[in-house]
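Notes follow once the structure below has been shown.
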Amino acid sequence: MAKLSALICAHNEEQRLHACLGALSFCDEIVVVADRCSDGTEAVARQYGARVVSGIFPIEGPRKHAGIARCTGEWILELDADEGVSPAFAREIRDTIERADAADWYQIPIDNYVGDQLVRHGWGGSFGTSSAARLFRRGVKSWKAERVHPGAKLDGAFGGRLNEPLRHMVDEDIADMFARLGRYTALKAQDLADSGKVKSIADDAFRGVRRFFKCYVSRKGHREGDLGFLISLMAGLYPILSNLRAREILRNRARDGQAERPVVPPAPLPLRRAEAAAQ
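When the letters of the sequence shown are read in order and numbered with the working numbering, they come out as residues 3 to 281.
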């Protein structure tokens, strides 16, 4: 039987982690990367027999790599703490990895919820996604050293898109959506400033309009009413705000005499501990 590891990266997710981990009994092991947690996240993870990797990871790519390093399964199922799975999802995952002709990685559909409303259409532009490469053999997927939504490289054979979706509780309400946009653009701005890949205002405007059109029209965000319009608008605002904030960071660095200093994303600090909860 193929061994399956579930990987969850979490920051102060005590409240939501119960529902996520409680549905993962079909996995052979659970690895939780507890990043700068000050609540009961680690205790909840241990309650479900998870192996806990605790540390300080400013960059998302190294955070995920630290978790992968602790996984012992041939297969990795990558989840977020605000995601849940159904029994049908669990059966499909097990059936897929047990196939003799299984590929190396698979795309998984994602059902996104704002509050209790399922929003199927309009996601994109780094503000949300309706599918992602979440099931893969260990060693197949790697991430760039970026703070938010790091680019990923996938090696090996693509097995297609599975049928059963993850349930993603993406936002509680509209206020939560605006707060998330603020967090994401702040992190993306730091990545842009560090890399020097800051776009012009004209480029920002063009990309913003193009992303709004793509999400609202091509990806049918218009079918979702007010939320579809808002999601498309935020997808369009994402590159504009990220670049405006990146320019602000660069201005502040220039003012403080850091303009000529190369800025490199910091490496993760040494792990405080990495331990198995269940012996």
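For each residue, glycine too, the CB sits at the ideal point set by N, CA and C.
Boundaries (first-last residue) of the alpha helix (DSSP H) holding residue i
i: M3; result: That residue, M3, is in no alpha helix (DSSP H); it is neither H nor E in DSSP.
i: V121; result: No alpha helix (DSSP H) holds V121; the beta strand (DSSP E) holding it covers 119-121.
i: G130; result: Unbroken run through G130: none, as it is neither H nor E.
i: F180; result: 176-197
i: A92; result: 89-100
i: G227; result: 227-257
Identity of the residue in the options nearest residue i by Cα
i: Y108; options: R163, G230, D258, E44; result: R163
i: C39; options: E31, G57, C22; result: G57
i: A4; options: A21, F231, R18, F28; result: F28
i: I61; options: R93, A104, L19, C11; result: C11
i: V35; options: L9, E16, Y218; result: L9
i: W77; options: F215, N254, E31; result: E31
i: I110; options: A102, G86, G117, R101; result: G86
i: A154; options: L252, N254, Y50, G63; result: G63
i: I112; options: G198, F160, G124; result: G124
i: R48; options: I70, A68, E16, G75; result: E16
i: F160; options: A181, A105, Y186; result: A105
i: V55; options: S132, R257, H13, L232; result: H13
i: K199; options: T98, C217, I251; result: I251
i: D37; options: N254, T187, A102, D82; result: D82
i: A237; options: T131, I70, N114, R53; result: T131
i: D193; options: S133, L235, R225, P152; result: P152
i: T74; options: A52, S88, A92; result: A52
i: F214; options: E226, L235, S197; result: L235
i: S128; options: D228, G259, K216; result: K216
i: N114; options: A92, A90, I233; result: I233
Cβ-based burial, residue i [other Cβ within 10 Å; buried from 16]
i: G126; result: buried
i: D178; result: exposed
i: D175; result: exposed
i: G24; result: exposed
i: Q119; result: exposed
i: K66; result: buried
i: S244; result: buried
i: L6; result: buried
i: S220; result: exposed
i: P272; result: Confidence is the limiting factor: at P272 the pLDDT is only 44, short of 50, which leaves the residue's position unreliable, though a coordinate-based value still follows. P272 is exposed by the Cβ-count criterion.
i: R274; result: Residue placement at R274 cannot be trusted, given a pLDDT of 42 that sits under 50; the coordinates are not used to answer.
i: T187; result: buried
i: A256; result: exposed
i: E262; result: Legend: pLDDT at E262 = 45, less than 50; position of this residue unreliable, no value from coordinates given.
i: A181; result: exposed
i: V121; result: buried
i: P264; result: Its pLDDT being 45, under 50, P264 is placed unreliably by the model, and nothing is read from it.
i: V116; result: buried
i: R185; result: exposed
i: D196; result: buried
i: G230; result: buried
i: G227; result: exposed
Whole-number beta carbon distance between residue j and residue i, since they are thought to touch under 8 angstroms
i: V33; j: R72; result: 5 angstroms
i: L2; j: L239; result: Since the first residue of the chain shown is 3 and the last is 281, residue 2 is not available in this structure.
i: A248; j: A191; result: 4 angstroms
i: R136; j: E100; result: Wrong, their Cβ atoms sit about 18 angstroms apart, outside the cutoff.
i: P167; j: R209; result: Rounded, the Cβ-Cβ distance is 29 angstroms, inconsistent with contact.
i: F59; j: A68; result: 7 angstroms
i: R18; j: D84; result: 5 angstroms
Residue i: first and last residue of the uninterrupted beta strand (DSSP E) it sits in
i: R288; result: Given that the chain is displayed from residue 3 to residue 281, the structure contains no residue 288 and the question cannot be resolved.
i: A135; result: 133-139
i: I112; result: 107-116
i: I61; result: No beta strand (DSSP E) contains I61, which DSSP labels as neither H nor E.
i: S202; result: It is not in any beta strand (DSSP E) - S202 carries neither H nor E in the DSSP assignment.
i: R169; result: 168-173
i: A154; result: 154-156
i: A36; result: 31-37
i: L19; result: Run containing L19: none in the beta strand (DSSP E); it sits in the alpha helix (DSSP H), 16-24.
i: E44; result: Counting along the chain, E44 falls outside any beta strand (DSSP E), though it belongs to the alpha helix (DSSP H) covering 43-49.
i: F28; result: Looking at the DSSP string, F28 is not in any beta strand (DSSP E), and its letter there is neither H nor E.
i: E80; result: 77-82
Distance cut-off 7 angstroms: residue i Cβ against heavy atoms of the ligand ADP
i: A105; result: Ligands are entirely absent from the displayed structure, and the ligand ADP is therefore not among its contents.
Neighbour flag for residue i against chain B, beta carbons, 8 angstroms
i: G130; result: Reference to chain B is not applicable here, since this structure consists of a single protein chain.
> Is the stretch 132-142 touching the stretch 170-177 in the sense that three or more CB pairs, one from each, lie closer than 8 angstroms?
Replying inline: In this structure the stretch 170-177 does not lie against the stretch 132-142, because fewer than three pairs of beta carbons, one per stretch, are closer than 8 angstroms.
>> Would you call the stretch 203-212 in contact with the stretch 147-156, where contact means no fewer than 3 C-beta pairs closer than 8 angstroms?
In response: Cβ pair count under 8 angstroms is below three, so no.
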